[in-house]
Amino acid sequence: MQLFLNGKWTGLNNCTEVLNPYDGSVIDTVPCASPANITAAIDGLARGAETMRNMPAHQRVIILRKAAALMRERQEELGRLISTEEGKVLTEGRIEAGRAAEAIDLSSDEARRLHGETVPLDSTPSGVGKLGFTLRVPCGIVAAITPFNFPLNLVAHKVGPAIAAGNAVLLKPASDTPMSSLKLVEILLETGLPPEAIACVTGSGSALGQAICTDQRIRKISFTGSAEVGEQICRMSGLKRVTMELGSNSPVIVLDDADPEKAAAAITITGFANAGQVCISSQRIITTPTIHDDLLYALKAKVEQLTIGDQLAEGTHVGPLIREADAKRVGEWLDQAVAQGAKLLCGGEREGSLMQPAVLANVQRDMRMSCDELFGPAVGVTRADSIDHAIRLANDTRFGLSASIFTQDIDKAIHFAREVDSGNLHINFGTAWRAETMPYGGLKDSGMGKEGPKYTVEEMSEIKMVVIH
Ligand code: NDP
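Okay, so the sequence shown: first residue is 814 according to the numbering used here, each after it adds one.
Have a look at this one:
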């Protein structure tokens, strides 16, 4: 495929292959842009920002509505593309395509709702006799830098609200999964987005990041990806608005009064979807003493049932990791944990980029698979003496994106929700659950700012205050 730059589909001499992570077969090639291409893209988007700023809300609504409808019509094709380039099983690819259409549709609703408000200036004596109101205006050019693991939905969560708020968008998708983004651009152009209002530039983030982040004409950067890259982007961006949706190592607390079968079933879904490559994957399972053995028994039995293989074959439960190197890294972290005293109950065998889903018991808080983001198909179980000990362990991390608890006791559930420092908290389900409408985002090193169209349009627009004297 070509990239979309300055209102045109453009090929470049320098291209890179997009691979199917299951067998390494080449799906297509995409251009590797240079920093000069970024500058050229921003030149075009500066004109696009003017066009978008002057476009009435009802027209933005129509473009997004039609795009959502086309995405629904093409859900199967988009779902297959997502799975092929990313490696998630076809059922998950289809679900992601449907959710992305939802995100675009919800963005169209927000385009209608954006508004300023009157400000009660007479609430202080100096304001008496004056009229004050705010105008909400677009940021101008928004840069959207996106990760590999949800190559359409996380892109839709940035591009949809950016358009809804009247911005032009520079989109830099992950190098492993650029094609879903390019397809979304095709759809938006088909439904009437002015070509100068969007650019989709493929190529290495480390090579292009500086050109994107230091250009003064970009007012807003919306990034989803690892904490390490997020920090680099914040350093480079200087005085820009930024939203950071970063990683995590999400804890699930299972208390003695929970049903071990239900908890195990939820952990099997939320720890192993997309081969564990979800920012809110259940990773650290923390149990109180009485339920510990029953939970391990139930969890092992369920996880052993998960089949690995070709993500496009109906019936596969867990597809490949994005690259073989990532599967190797996950294997090394599991080996390290075992060498330090953890017990491997099942899984962990690797064939290329595939890894058999694993459950480890006796995982300690200082092991790497507790401290860092694993991003692979394994969960580690840790014992806690009490709910307060479990909450301390849950909070014993630099991350804070999602956390969950299983209990029948509402007081304990609310205590958990108050005490655990996390942007998303789930009661009686695992950590990997999101509705497109939610204010979604992390605390601590998991980031700043919220996504979800209602919240993203606010992050992608600014307020001007007008006073009539
Ligand atoms: P990365 O941080 O490696 O990459 C994310 C994006 O940043 C890619 O487009 C990448 O480009 C680009 N990039 C890399 N280096 C730079 C740079 N120096 N300047 C600017 N851009 C750069 O993340 P992954 O793609 O590996 O995604 C996985 C991570 O994303 C996990 O940590 C996961 O938790 C997190 N994530 C967070 C979510 C959330 O909502 N909080 C949701 C989903 C994922 P390239 O691909 O070319 O390197």
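Don't be surprised by glycine CBs; every beta carbon is placed ideally from N, CA and C.
Going by DSSP, what residues sit across from residue i in a beta bridge?
i, result
"LEU984", "ALA957, CYS1013"
"VAL1192", "VAL1172"
"CYS1159", "VAL1172"
"ILE840", "In DSSP, ILE840 forms no bridge with anything."
"VAL1294", "The structure shown does not extend to residue 1294, since the chain spans only 814 to 1282, so no value can be given for it."
"THR823", "LEU816"
"ARG1054", "LYS1033"
"THR829", "VAL843"
"ASN1237", "SER1215"
"TYR1286", "In the structure as shown, the chain starts at 814 and stops at 1282, and residue 1286 therefore has no counterpart that could be examined."
"LEU948", "LYS1277"
"LEU877", "BP columns for LEU877 are empty, so no partner."
"GLU1164", "LEU1167"
"PRO1064", "ARG1097"
"ILE1121", "VAL1131"
Compute the beta-carbon to beta-carbon distance between residue i and residue j, rounded to the nearest angstrom, for a pair I have assumed lies under 8 Å.
i, j, result
"ARG887", "GLY906", "Not really, about 12 Å apart at Cβ, beyond 8 Å."
"GLY1084", "VAL1192", "4 Å"
"ARG1178", "ASP1209", "6 Å"
"ASN962", "GLN1090", "5 Å"
"SER1061", "GLU1249", "Actually they are not in contact, since the Cβ atoms of SER1061 and GLU1249 sit about 19 Å apart, beyond 8 Å."
"ASN966", "ALA913", "4 Å"
"ALA862", "ASN819", "That pair is no contact at about 14 Å."
Relative to the ligand NDP, is the shortest distance from any of its heavy atoms to the C-beta of residue i smaller than 7 Å?
i, result
"SER993", "no"
"GLU905", "no"
"VAL1042", "yes"
"ALA1216", "no"
"GLN803", "This structure cannot settle anything about residue 803, because the visible part of the chain is limited to 814 through 1282."
"ALA987", "yes"
"PHE963", "yes"
"PHE810", "Residue coverage of the chain in this structure runs from 814 to 1282, which leaves residue 810 outside it and unanswerable."
"SER1019", "yes"
"CYS1092", "yes"
"PRO960", "yes"
"LEU1059", "yes"
"GLY1260", "yes"
"GLY1132", "no"
"LEU825", "no"
"GLU1275", "no"
"ILE1098", "no"
"GLY1038", "yes"
"GLU1117", "no"
"PHE1229", "no"
"GLU909", "no"
"GLU1186", "yes"
"ILE1025", "yes"
"LEU983", "no"
"GLY1255", "yes"
"GLY1022", "yes"
"LEU967", "yes"
Looking at residue i: is its Cβ nearer than 8 Å to the Cβ of residue j?
i, j, result
"ASP1107", "PRO1133", "no"
"PHE772", "GLY1243", "Residue 772 lies beyond the residue range present for the chain, which begins at 814 and ends at 1282; the question has no answer from this structure."
"ILE1099", "ALA1207", "yes"
"PRO1064", "VAL1116", "no"
"ILE976", "ILE855", "no"
"LYS1113", "CYS1159", "yes"
"GLY1161", "ALA1088", "no"
"THR1056", "GLU1272", "yes"
"GLY945", "VAL932", "yes"
"SER1039", "ALA1245", "no"
"LEU1167", "ILE1121", "yes"
"MET992", "GLU898", "yes"
"GLY929", "ILE1281", "no"
"LEU1068", "ILE1218", "yes"
"LEU1109", "VAL1194", "yes"
"THR1220", "ASP1028", "no"
"ARG949", "ALA870", "no"
Is there a Cβ of chain D sitting closer than 8 Å to that of residue i, yes or no?
i, result
"ALA862", "Absence of chain D from the displayed structure is noted, only one protein chain being present."
Comparing the CB of residue i with every heavy atom of the ligand GDP, is any distance shorter than 7 Å?
i, result
"GLY824", "What this structure holds is the ligand NDP, not the ligand GDP."
Inter-stretch contact (C-beta, 8 Å, three-pair minimum) for the segment 872-880 and the segment 993-1010
Result yes; three or more Cβ-Cβ pairs closer than 8 Å.
Any 3 or more C-beta pairs closer than 8 Å across the segment 1039-1051 and the segment 970-985:
The segment 1039-1051 is not in contact with the segment 970-985.
If contact is defined by three or more beta carbon pairs under 8 Å, each pair taking one atom from either stretch, is the segment 1024-1037 in contact with the segment 946-961?
The segment 946-961 vs the segment 1024-1037: in contact.
Any contact between the segment 909-926 and the segment 1006-1013? By contact I mean 3 or more CB pairs, one from each, below 8 Å.
A contact between stretches requires three or more CB pairs, one per stretch, nearer than 8 Å, and the segment 909-926 fails this requirement with the segment 1006-1013.
Three or more C-beta pairs closer than 8 Å, one from the segment 1014-1027 and one from the segment 843-859: is that the case here?
As far as the Cβ criterion goes, the segment 1014-1027 touches the segment 843-859, which means the pair count is three or higher.
Please confirm if the segment 940-954 is in contact with the segment 894-904, defined as three or more CB-CB distances below 8 Å between the two stretches.
Cβ pair count under 8 Å is below three, so no.
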